[in-house]
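Have a look at the structure below, then the notes.
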Amino acid sequence: MKTYVSIVTSFLLFTVALRGEVFPQQNSQKSTHVVISPTSGLPGQEISLPIYLEAATGVEVGSISLDLVFPNQLISFVTVQGSLVSEMVGAKITAEVRTDAEDESKSVLKVTLSTPETGSRQAIPDGLLGFVTVQLAEDVQLDTHIVITNRGSAMTTGSPPMPVDALTLHDGVIYVGEVVFACFFYMH
Numbered sequence: 180m181k182t183y184v185s186i187v188t189s190f191l192l193f194t195v196a197l198r199g200e201v202f203p204q205q206n207s208q209k210s211t212h213v214v215i216s217p218t219s220g221l222p223g224q225e226i227s228l229p230i231y232l233e234a235a236t237g238v239e240v241g242s243i244s245l246d247l248v249f250p251n252q253l254i255s256f257v258t259v260q261g262s263l264v265s266e267m268v269g270a271k272i273t274a275e276v277r278t279d280a281e282d283e284s285k286s287v288l289k290v291t292l293s294t295p296e297t298g299s300r301q302a303i304p305d306g307l308l309g310f311v312t313v314q315l316a317e318d319v320q321l322d323t324h325i326v327i328t329n330r331g332s333a334m335t336t337g338s339p340p341m342p343v344d345a346l347t348l349h350d351g352v353i354y355v356g357e358v359v360f361a362c363f364f365y366m367h
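Oh and the sequence shown: position 167 is 346 in this note's numbering, straight run, nothing missing.
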């Protein structure tokens, strides 16, 4: 059942992304956005958090490094996987989890996505980059909103790579027991 829910959620998120509602069109010219899309699930369930990219006009992103900070009593990391979009350019995605040095009740998941640095390096295309799969704790309360804080950086494809200016990182939210369909962060 949880696989079916994840597939349906992913399809709905992909459909919304294709319609242009995941990223704010008014900011696409000035800032590069990395978004952890909101999602929902029930206690004990595995859920996927989609990661999206929208590069500013003229910016070619070659690598992204994110630190996703989350409460380790409420969720635990399961796996990370790339999407068809990232795999088409040979991008590799990796993840490593550790306890937050400043707060032991939180974990930091370091997610890195990069294209090979050989010859003419391809840019990571806009769109769905991959998924982080987590498991909700069995005892998490319904109607809880779990914030996944998104910190990180991105580098260009140039030689040498340079930091991406005007990078906007959007936190993720897991709504426990609620269904999220179309009201993504700041579309209104």
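A virtual CB, placed ideally from N, CA and C, is assigned to each residue, including glycine.
Range of the contiguous alpha helix (DSSP H) that encloses residue i
| i | result |
| --- | --- |
| Met341 | Element bounds for Met341: n/a, residue is neither H nor E. |
| Glu266 | Leu263 to Met267 |
Buried versus exposed, by CB contacts within 10 Å (16 or more), residue i
| i | result |
| --- | --- |
| Thr336 | buried |
| Gln204 | Any reading at Gln204 is ruled out, since the residue's pLDDT is 47, under 50, leaving its predicted position unreliable. |
| Gly351 | buried |
| Lys209 | exposed |
| Glu233 | buried |
Same chain, Cβ closer than 8 Å to residue i, neighbours up to 5 away in sequence not counted
| i | result |
| --- | --- |
| Gly261 | Ala270, Lys271, Ile272, Leu292, Leu308 and Gly309 |
| His324 | Val352, Ile353, Tyr354 and Val355 |
Option in the options with minimal Cα separation from residue i
| i | options | result |
| --- | --- | --- |
| Asn329 | Lys209, Val214 and Ser210 | Val214 |
| His141 | Ala274, Asp282, Gln301 and Ile327 | Because residue 141 is not part of the residues shown, which for the chain are 180 to 367, the question remains open. |
| Asp246 | Pro342, Thr323, Ala316 and Ala274 | Ala274 |
| Leu321 | Ser216, Lys209 and Gly220 | Gly220 |
| Ser338 | Glu239, Val276, Glu283 and Arg277 | Glu239 |
| Leu228 | Gly237, Pro217 and Ile325 | Pro217 |
| Ile243 | Ala316, Lys289 and Thr297 | Lys289 |
| Met267 | Glu281, Val311, Thr312 and Asp305 | Asp305 |
| Ile230 | Leu263, Val343 and Glu281 | Leu263 |
| Val259 | Thr312, Glu281, Glu283 and Thr297 | Thr312 |
Residues bridged to residue i (per DSSP)
| i | result |
| --- | --- |
| Val164 | Residue 164 is absent from the model: the chain starts at 180 and stops at 367. |
| Thr312 | Ser227 and Thr258 |
| Leu346 | Thr211 |
| Glu233 | His212 |
| Leu307 | Tyr231 |
| Pro250 | Lys285 |
| Val240 | Thr335 |
First and last residue of the uninterrupted beta strand (DSSP E) at residue i
| i | result |
| --- | --- |
| Ala333 | His324 to Thr335 |
| Gly220 | Thr218 to Gly220 |
| Val355 | Gly351 to Val355 |
Residues near residue i by beta carbon distance below 6 Å, same chain, minus five either side
| i | result |
| --- | --- |
| Leu346 | Thr211 and Ala333 |
| Gln314 | Glu225, Ser255 and Val257 |
| Met341 | Thr335 |
| Val287 | Asp246, Val248, Arg277 and Asp279 |
Close beta carbons around residue i, own chain, < 7 Å, minus the five adjacent residues each side
| i | result |
| --- | --- |
| Lys285 | Val248, Phe249, Pro250, Asn251 and Asp279 |
| Ser265 | Ile272, Leu292, Ile303, Leu308 and Gly309 |
| Pro370 | Outside the shown range of the chain, which is 180 to 367, sits residue 370, and nothing can be said about it. |
| Val319 | Pro222, Leu253 and Val355 |
| Arg300 | Gly241, Thr294 and Thr336 |
| Val343 | Thr211, Val238, Val240, Ala333, Met334 and Thr335 |
| Glu317 | Pro222 and Gly223 |
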